[in-house]
Amino acid sequence: MNINKNTFLKKVPLFDNDEIATFHMDGTPLSHVYDNVWDFSGQERVTERARFGFATIDAKYRKSIQATLLFFMKERKNKNKTYAKLSVVRSFRQGLVLVSKGLNGCNWAELSDDVTYRAFKNNMVKYINDENLKVSTVDVIIRTINKLNELEFCARPVSRDDFRQVDIKLAQQHVAIPIKMYQKLISEAINIVATYHPHRKAISDIQSLAEEIYEEEAKRLDVVLGLARLNVTHKIDKLSHSIPNFKVLRNGYQLNYILSACGIIILAFSGMRKSEMYRLSKRSFLFKGTNKIPILQGEETKRNGFAVRETWQTHAIVKDALELAYDATQYLRDIYNEKNKKDLDCGKISKLQFENNLNQINSVFLITKVKMRSTRYNNDIGRFFKNTLSQFEILATQEDVEEFNRINPTRAGELKVGETLPKLTPHDLRRSFAVFFKRYGFGSTSTIKFQYKHRSIYMSEYYSNNARLQAMEDVLLDYELLGLMNEEGISTGVDIFDEIYNKSKCLSGSAGKRIYKDRFDKLGHGQHVYMTRDDIERLVRNGTMSVVKLPTGGYCVNSSCTRVCGIGVFAAEKKPCEYQVITDDQAKEILRQNKRLIKVFRELNTGEPMMNSILIGQKQKIKRNETLIKDFDLNFEPFDERIKGIIE
13 MNINKNTFLK KVPLFDNDEI ATFHMDGTPL SHVYDNVWDF SGQERVTERA RFGFATIDAK
73 YRKSIQATLL FFMKERKNKN KTYAKLSVVR SFRQGLVLVS KGLNGCNWAE LSDDVTYRAF
133 KNNMVKYIND ENLKVSTVDV IIRTINKLNE LEFCARPVSR DDFRQVDIKL AQQHVAIPIK
193 MYQKLISEAI NIVATYHPHR KAISDIQSLA EEIYEEEAKR LDVVLGLARL NVTHKIDKLS
253 HSIPNFKVLR NGYQLNYILS ACGIIILAFS GMRKSEMYRL SKRSFLFKGT NKIPILQGEE
313 TKRNGFAVRE TWQTHAIVKD ALELAYDATQ YLRDIYNEKN KKDLDCGKIS KLQFENNLNQ
373 INSVFLITKV KMRSTRYNND IGRFFKNTLS QFEILATQED VEEFNRINPT RAGELKVGET
433 LPKLTPHDLR RSFAVFFKRY GFGSTSTIKF QYKHRSIYMS EYYSNNARLQ AMEDVLLDYE
493 LLGLMNEEGI STGVDIFDEI YNKSKCLSGS AGKRIYKDRF DKLGHGQHVY MTRDDIERLV
553 RNGTMSVVKL PTGGYCVNSS CTRVCGIGVF AAEKKPCEYQ VITDDQAKEI LRQNKRLIKV
613 FRELNTGEPM MNSILIGQKQ KIKRNETLIK DFDLNFEPFD ERIKGIIE
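Residue numbers (my numbering): 13 to 660.
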């Protein structure tokens, strides 16, 4: 679309050098428009990285980009009465830099001209393909041009169709961790919390002594720098303590390892975002109601830029993780409180900045290397998860690799046998929480447990608590997490039906036999698959097909079924279920279940009359299971043991 003569387009405004870009919380200037760094610490949530710079932008374009950015921020403030979120400003800045490269300038109005826009598109397509950029980069460019159009700097609305020629690198999901690796990860993290929780105050005390040694040596004028460092190291090494496997260091390495484990526990047992975790304090954990349900109370951060007090269900282990992370870093809190007060007294910061800093200092996760602190006091502990994971030495088996590829289709091939996970971030734990919830019966009759000293953490208890919290209407409705769970539920359904229709060599159960016959007839006419994954996904998404995984093995393809086929010990239903399907993998699971039932049967079969009813029910269940798996190529001895004391 060429610019119409009647179309009025705005020009990038020319601001004076003293035009204010960001403010202190009391409204006084913090950054000016053409500063190389804009500091948002006076108006942004304490958990955000509050500064970003412009020094790396081509000097020819820098001021125009800064002016456009400030104009956008002013428009947003006038329209919404609130500041634009830092993440939005940062994304718009990135987009303006990219657009200026493709346009070879910052005259945004030129995007309205068809000839210029075609040249711009060609430049952008070449740049994106050459740099092998992801689809998210294309989306940033599209959002930026549409924002320029909205601000009336150009007359050019765009969509993804404008960049069809781009060889887009598919956006990759965050990692969902295979179940056995996930169990080991949580178990290792729990062991660290269990080991150091009793010593949390001793850790702070010994680290405080190390800081005192450093300060004493730093004040000495009679010692050269290199020798002073040696003196510090020597004196710290001589400090004695009884903390197991703990080396006193000032670089934060050992503490970050412990804090990472605490962070993993908190995220794994809540599903919250990392920004929400960083706002927790030692007092965030409490028990709710007469049933003493463990919960976390904090701030949810996805409410149109406003933090809202919310509640997450959690587990009692999180209390220990919070206490360990908080108490072990109390010496840092003392140092940072003193620094914050000194800065206020000498006028370096305002009263509002002082209070903002105080909120950070009172949070659980603090910067562990004192001299590394810049504008923030709280620690982005998620950066250390991958390093902590490598120390756990959790290596993938062939089974783990196959599961990883199945639940992470956009990352298939990234996990290798004998290697650890390709990455681990807070959002990977969040997605794993959703996957664990949907794929592994997390909360129904789950037998998954993690060992914590002499106690077992049963996830069925976790979800009975969830039901109580739902009844109280006091559990967080995290819609993003619910969306993740919904997508994972669809993905799980597709995997199950693909196994039923295309992969399992044999099927049993009433519905399984019907499907097997239909499949045999269809494949006999030359088709390679009974139903493609795309067809399956479409039918699962529109609700035509649904499936429930039975905790005792097998599937029910009638999601509204009222039968109780999932009872594990007894044959709860005498008439076979017409909707049950048993696949190759599920037959193996049922065989393992039968072996456990037989073991229990033999332990209880002592001739005690009071046990007869239980033993009869168990025997019926064992025999019923055998009829379900007899058509599979499995080795087992038919069970025909008699119940002692009765005539059968």
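Quick reminder that beta carbons are idealized off the backbone N, C-alpha and C, glycines included. Predicted model only: the values in this text are computed from it and were never measured.
Counting of Cβ neighbours within 10 angstroms places residue 208 among the buried residues, the total reaching 16 or more.
When secondary structure is reduced to three states using DSSP, residue 32 falls in the strand class. Looking at the DSSP output, residue 308 shares a beta bridge with 297, 324.
For the set 654, 324, 601, 252, the Cα lying nearest the Cα of residue 618 is the one of 654. The straight-line gap separating the alpha-carbon atoms of residue 116 and residue 87 is approximately 26 Å. The beta carbon of residue 244 lies closer than 7 Å to those of 225, 226, 229 in the same chain, with the five residues before and after it left out. Residue 646 and residue 595 have their alpha carbons spaced roughly 12 Å apart. By the C-beta density criterion, residue 211 is buried, having at least 16 other C-beta atoms within 10 angstroms.
Excluding its 5 nearest sequence neighbours in each direction, residue 220 has C-beta neighbours in its own chain below 6 Å: 343, listed in chain order. Measuring C-alpha to C-alpha distances from residue 146 to each of 529, 185, 599 identifies 185 as the nearest.
In terms of Cα proximity to residue 606, the closest of 623, 633, 591 is 633. Proximity of the region 43-51 to the region 61-80 meets the contact definition, three or more beta-carbon pairs being nearer than 8 Å. Under the three-state reduction of DSSP output, residue 241 falls in the helix class. Residue 281 sits away from residue 163, with the two beta carbons spaced by 8 Å or more. In this structure, 570 is the residue among 570, 535, 404 with its C-alpha nearest to the C-alpha of residue 552.
Under the three-state reduction of DSSP, residue 658 is assigned to coil, being neither helix nor strand.
Excluding its 5 nearest sequence neighbours in each direction, residue 122 has C-beta neighbours in its own chain below 7 Å: 115, 128, listed in chain order. For residue 173, there is no enclosing alpha helix (DSSP H), as DSSP gives it neither H nor E.
Here residue 430 really is in contact with residue 408; their C-beta atoms are around 7 Å apart, less than 8 Å. DSSP links residue 594 through a beta bridge to 520.
DSSP places residue 104 inside the alpha helix (DSSP H), whose first and last residues are 98-115.
Here residue 286 has 394, 438 as same chain residues with Cβ atoms under 6 Å from its own Cβ, once five neighbours each way along the sequence are excluded.
In this structure, the beta-carbon distance from residue 415 to residue 190 falls below 8 Å. Rounded to the nearest whole angstrom, the C-alpha separation of residue 32 and residue 307 is 43 Å. Counting C-beta atoms within 10 angstroms of its own C-beta, residue 597 has fewer than 16 neighbours from the protein chains shown and is therefore classed as exposed. The alpha-carbon separation between residue 154 and residue 329 amounts to approximately 45 Å. DSSP, reduced to helix, strand and coil, places residue 507 within a helical segment of the structure shown. Excluding its 5 nearest sequence neighbours in each direction, residue 253 has C-beta neighbours in its own chain below 8 Å: 214, 218, 260, listed in chain order. Annotated three-state conformation of residue 41 is strand, per DSSP. Ranked by Cα distance from residue 639, the first of 593, 613, 546, 322 is 593.
Of the residues assessed, residue 338 falls on the buried side of the cut-off, its CB having 16 or more other CB atoms within 10 angstroms. For residue 188, the CB contacts under 6 Å within the same chain, skipping 5 residues up- and downstream, are 419, 420, 443, 444, 447 in chain order.
DSSP, read as helix, strand or coil, puts residue 271 in helix. Residue 216 has its alpha-carbon roughly 20 Å from the corresponding atom of residue 246. Between the beta-carbon of residue 535 and that of residue 542 there is about 7 Å, and that keeps the pair under the 8 Å contact cut.
Per DSSP, residue 355 has no beta-bridge partner at all.
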